[in-house]
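Novice: Sharing a structure with you now.
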Amino acid sequence: MKKFITTLKNIWSIEELRNRILATLFIIVVFRIGSHITLPGVDPSKLTDLTGGNGLLGLLDTLVGGAFSNASVMALGIMPYISASIAVQLLGLALPYFSKLQKEGESGRKKLNQITRWLTIAVTITQGFAYLKSTIPTDAIVISQGLFYVSGVILLVAGTMMCLWLGERITEKGIGNGISMIIMIGIVSRFPGAIIGEGRARVADGQPLYFILELVLLFLVVIFAVALTQAIRRVPVQYAKQIVGNKTVSGQRQYLPLKVNISGVMPIIFGQALMFVPSFVAGYFAEKSDTAQYIATVFGDFTSWQYNLLYAVLIIAFTFFYTAISINPNQIADDMKRGGGFIPGVKPGQATSDFIARILDRITLPGAILLALIAIFPAIASLFGMTQLFASFYGGTSLLILVGVVLDTLQQIESYLLMKRYEGLMESGRVTGREQLVAR
7 MKKFITTLKN IWSIEELRNR ILATLFIIVV FRIGSHITLP GVDPSKLTDL
57 TGGNGLLGLL DTLVGGAFSN ASVMALGIMP YISASIAVQL LGLALPYFSK
107 LQKEGESGRK KLNQITRWLT IAVTITQGFA YLKSTIPTDA IVISQGLFYV
157 SGVILLVAGT MMCLWLGERI TEKGIGNGIS MIIMIGIVSR FPGAIIGEGR
207 ARVADGQPLY FILELVLLFL VVIFAVALTQ AIRRVPVQYA KQIVGNKTVS
257 GQRQYLPLKV NISGVMPIIF GQALMFVPSF VAGYFAEKSD TAQYIATVFG
307 DFTSWQYNLL YAVLIIAFTF FYTAISINPN QIADDMKRGG GFIPGVKPGQ
357 ATSDFIARIL DRITLPGAIL LALIAIFPAI ASLFGMTQLF ASFYGGTSLL
407 ILVGVVLDTL QQIESYLLMK RYEGLMESGR VTGREQLVAR
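Our numbering numbers the first residue of the sequence shown as 7 and each following residue consecutively.
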């Protein structure tokens, strides 16, 4: 405890770090206030469960901190920007123009950011109109519907762009990755209510010890998620001797860090987005076909084994897909060869590329299976009688985003402490963030 208090004092004594933390807290307060501002023309007292028990809508409501169910001006949060970013990234694989921009450095990045922002506005307009039309009850609209839909879409676009601006201010003036921080705050805001609701339910049922066991199990699941996020396969890389000026620099051995879970939370997001398609399509034919009715029922229940089996398969498939588009073994081998590096016992060039590809295949499969297991943990927890909100923190998107953002933020704080020659946060070594992929 004494070391912890000393570390907090060291953090507060660094003026730049202190100002960044205070700026981050201020921006978070602004974001949370905006999440509770209801759209004009809506009667909040007539808003019921806007998610309707839908797993995807429930996930969205969790990611935006309840703004979705509050019919807030920030109801869509930062999610349209995430969708636009994924679309632009995928376009880089399909269209040469986007692929060229990705290789143009800073100028290309600025152009891609501009394209992503315009695409974010288009996505928000589409999703915003669908949200207002299909989610907001007509009896809750107290003004002309035409005026409400037009003004509502404009305000939702403004709310999403405001979230994006706040996220960028956190990245620039605060601590941590701003976009990820905005999402994390939305998730964390639901956590106290989830614990209180689960605790009251267990106490009412006369099972307080069962609630304590659930908390212990949640702690173990978090440790498991941290281990999966941090797991790295280090490939040794030897660099030949180089002559720099009049000096000869001896060869150094470094490591190429290949993460077991390179794709992060993206496969779960992709899988979750597709899992509502079977029940949605089957719902149109449910009245005419018993099979369609069965499919709609089975895949509308996120605790059914059929739902979770397909969900796991999609996550494993998307993990391999995302890893393939994120890491190019040929490019790594070429960069290594140009830098005078080689893997001991492996010839430079194509042999090195094949060697790295084999390692990726071997570590991606167990990583994908473990990621799928984390994704279906909430369904398993719900089967044991936990409330749906509390069970959502046992895995899936919520847990991985929380773990990843916290690790990134701690890594930045640790960098400030070490830069000012203070002790780090951990006695066992430095905290490694998700994006820290430098060779060690």
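Just so it is clear, CB atoms sit at the ideal spot from N, CA and C, and this is done for glycine as well. Note that this is a predicted model, so its numbers are computed, not measured.
Leaving aside the five residues before and after residue 375 along the sequence, list all residues of the same chain whose C-beta is less than 7 Å from its C-beta, in chain order.
Specialist: As a working note, residue 375 is residue 369 in the sequence shown. Only 322 meet the Cβ criterion.
Novice: Give me whichever residues DSSP pairs with residue 78 in a beta bridge.
Specialist: Taking the first residue of the sequence shown as 1, we reach residue 78 at position 72. DSSP output for residue 78 lists 44 as bridge partner(s).
Novice: By the 10 Å Cβ neighbour count, where 16 or more other Cβ atoms means buried, how is residue 367 classified, buried or exposed?
Specialist: What you label residue 367 is simply residue 361 of the sequence shown in a count that begins at 1. Looking at its Cβ environment, which holds fewer than 16 other Cβ atoms inside 10 Å, residue 367 is exposed.
Novice: Give the straight-line distance between the Cα atoms of residue 405 and residue 393, rounded to the nearest whole angstrom.
Specialist: As a first step, residue 405 must be located in the sequence shown, where it is residue number 399. As a first step, residue 393 must be located in the sequence shown, where it is residue number 387. When rounded, the distance between both Cα atoms is 16 Å.
Novice: Have a look at residue 98 and residue 25 and give me their C-alpha separation to the nearest angstrom.
Specialist: Indexing the sequence shown from 1 puts residue 98 at position 92. Indexing the sequence shown from 1 puts residue 25 at position 19. Roughly 38 Å separates the two Cα atoms.
Novice: Ends of the beta strand (DSSP E) at residue 375?
Specialist: To locate residue 375, count along the sequence shown from 1; it is residue 369. It is not in any beta strand (DSSP E) - residue 375 instead sits in the alpha helix (DSSP H) that spans 356-389.
Novice: Taking only three categories from DSSP, how would you classify residue 441?
Specialist: Position 435 of the sequence shown, counted from the start, is the residue given in the question as residue 441. The predicted model places residue 441 with a pLDDT of 46, which falls under 50 and marks its position as unreliable, so this point remains unresolved.
Novice: Could you tell me which of 333, 141 and 47 sits nearest to residue 265, measuring between CA atoms?
Specialist: Walking along the sequence shown from the start, residue 265 turns up at place 259. It is 333 whose Cα lies nearest to the Cα of residue 265.
Novice: For a test of the three-state rule: what should DSSP assign to residue 263, helix, strand or coil?
Specialist: Taking the sequence shown and counting its residues from 1, one reaches residue 263 at position 257. It is a strand residue.
Novice: Looking at C-alpha atoms only, which residue of 173, 206, 179 and 208 is the closest neighbour of residue 191?
Specialist: Taking the sequence shown and counting its residues from 1, one reaches residue 191 at position 185. Ranking the options by Cα distance to residue 191, first place goes to 173.
Novice: With a threshold of 6 Å on Cβ separation, who are the neighbours of residue 281 within its own chain once the five nearest residues in sequence on each side are excluded?
Specialist: Locating residue 281 in the sequence shown gives position 275, counting from the first residue. 317, listed in sequence order.
Novice: If we count the other Cβ atoms within 10 Å of its Cβ and call it buried at 16 or more, is residue 84 buried or exposed?
Specialist: Numbered from its first residue, the sequence shown carries residue 84 at position 78. Label assigned to residue 84: buried.
Novice: Ordered along the chain, which non-local residues of its own chain (more than five positions away) have a Cβ less than 6 Å from that of residue 18?
Specialist: Reading the sequence shown from its first residue, position 12 is the one you call residue 18. 24.
Novice: Mind checking who residue 242 pairs with in its DSSP beta bridge?
Specialist: Numbered from 1 along the sequence shown, position 236 holds the residue referred to as residue 242. Bridge partners of residue 242: 261.
Novice: Residue 274 by DSSP, collapsed to three states: which one?
Specialist: One-based indexing of the sequence shown puts residue 274 at position 268. Of the three classes helix, strand and coil, the one that applies to residue 274 here is helix, per DSSP.
Novice: Can you give me the C-alpha to C-alpha distance between residue 47 and residue 177, rounded to a whole angstrom?
Specialist: Within the sequence shown, numbered from 1, the residue matching residue 47 stands at position 41. Within the sequence shown, numbered from 1, the residue matching residue 177 stands at position 171. Taking the straight line from one Cα to the other gives about 34 Å.
Novice: In this structure, what does DSSP give as the bridge partners for residue 147?
Specialist: Your numbering for residue 147 matches position 141 in the sequence shown. 48.
Novice: Within a Cβ cutoff of 8 Å, which residues of the same chain sit near residue 354, ignoring the five residues on either side of it in sequence?
Specialist: Residue numbering aside, residue 354 sits at position 348 when the sequence shown is read from its first letter. So the list reads 339, 342, 343 and 348, once near-sequence residues are dropped.
Novice: Distance, Cα to Cα, residue 443 vs residue 146?
Specialist: By one-based count along the sequence shown, residue 443 stands at place 437. By one-based count along the sequence shown, residue 146 stands at place 140. No answer about residue 443 holds up, because its pLDDT of 38 lies below 50 and its placement is not dependable.
Novice: For residue 173, name the three-state secondary structure that DSSP assigns.
Specialist: Along the sequence shown, one-based indexing puts residue 173 at 167. It is helical.
Novice: Taking the DSSP output, what are the residues bridged to residue 291?
Specialist: Numbered from its first residue, the sequence shown carries residue 291 at position 285. The partner list for residue 291 (beta bridge, DSSP) is empty, contrary to what the question assumes.
Novice: In terms of residue numbering, what span does the alpha helix (DSSP H) encompassing residue 194 cover?
Specialist: Within the sequence shown, numbered from 1, the residue matching residue 194 stands at position 188. Where residue 194 is concerned, the enclosing alpha helix (DSSP H) stretches over 184-194.
Novice: Is residue 129 buried or exposed, if buried means 16 or more other CB atoms sit within 10 Å of its CB?
Specialist: Against the sequence shown, residue 129 aligns to sequence position 123. By the neighbour-count rule (16 or more Cβ atoms within 10 Å), residue 129 is buried.
Novice: Taking the beta carbon of residue 418 as the centre, do at least 16 other beta carbons fall within 10 Å, making it buried, or is it exposed?
Specialist: Locating residue 418 in the sequence shown gives position 412, counting from the first residue. Buried, because 16 or more other Cβ atoms sit within 10 Å of the Cβ of residue 418.
Novice: Please state whether DSSP places residue 446 in a helix, a strand or coil.
Specialist: Here residue 446 refers to the residue found at position 440 when the sequence shown is read from its first residue. In this prediction, residue 446 has a pLDDT of 37, which is less than 50 and means its spatial position is unreliable; what the coordinates show is noted afterwards. Coil at residue 446, not helix or strand.
Novice: Alpha carbon to alpha carbon, how far is residue 400 from residue 387? Give it in angstroms, no decimals.
Specialist: Taking the sequence shown and counting its residues from 1, the one referred to as residue 387 is at position 381. Taking the sequence shown and counting its residues from 1, the one referred to as residue 400 is at position 394. The straight-line gap from Cα to Cα measures roughly 7 Å.
Novice: Taking the beta carbon of residue 409 as the centre, do at least 16 other beta carbons fall within 10 Å, making it buried, or is it exposed?
Specialist: The residue you call residue 409 lines up with position 403 of the sequence shown. Counting Cβ neighbours within 10 Å, residue 409 comes out buried, since at least 16 surround it.
Novice: In angstroms with no decimal places, state the Cα-to-Cα distance between residue 288 and residue 162.
Specialist: In the sequence shown, counting from the first residue as 1, residue 288 sits at position 282. In the sequence shown, counting from the first residue as 1, residue 162 sits at position 156. One C-alpha to the other measures close to 30 Å.
Novice: Excluding the 5 residues flanking residue 397 on each side, which residues of the same chain have their C-beta closer than 7 Å to its C-beta?
Specialist: For the purposes of this step, residue 397 is identified with residue 391 of the sequence shown, where counting begins at 1. Here the set comprises 384, 387 and 388.
Novice: Here's the rule: buried if 16 or more other CB atoms are within 10 angstroms of the residue's CB, otherwise exposed. What is residue 144?
Specialist: As a working note, residue 144 is residue 138 in the sequence shown. Exposed, since its Cβ has fewer than 16 Cβ neighbours within 10 Å.
Novice: Tell me, please, whether the CB atom of residue 362 is closer than 7 Å to any CB atom in chain D?
Specialist: Among the chains of the structure shown, chain D does not appear; only one protein chain is present.
Novice: Do you know offhand how far residue 263's Cα is from residue 241's?
Specialist: Stepping through the sequence shown from its first residue, residue 263 is reached at position 257. Stepping through the sequence shown from its first residue, residue 241 is reached at position 235. Their backbone Cα atoms lie some 6 Å apart in a straight line.
Novice: By DSSP, does residue 308 sit in helix, in strand, or in coil?
Specialist: Against the sequence shown, residue 308 aligns to sequence position 302. Residue 308: coil per DSSP, three-state reduction.
Novice: Alpha carbon to alpha carbon, how far is residue 103 from residue 327?
Specialist: Taking the first residue of the sequence shown as 1, we reach residue 103 at position 97. Taking the first residue of the sequence shown as 1, we reach residue 327 at position 321. Cα to Cα, the separation comes out at about 21 Å.
Novice: Which one of 299, 185 and 356 has the shortest CA to CA distance from residue 37?
Specialist: Locating residue 37 in the sequence shown gives position 31, counting from the first residue. Among 299, 185 and 356, the Cα nearest to that of residue 37 belongs to 185.
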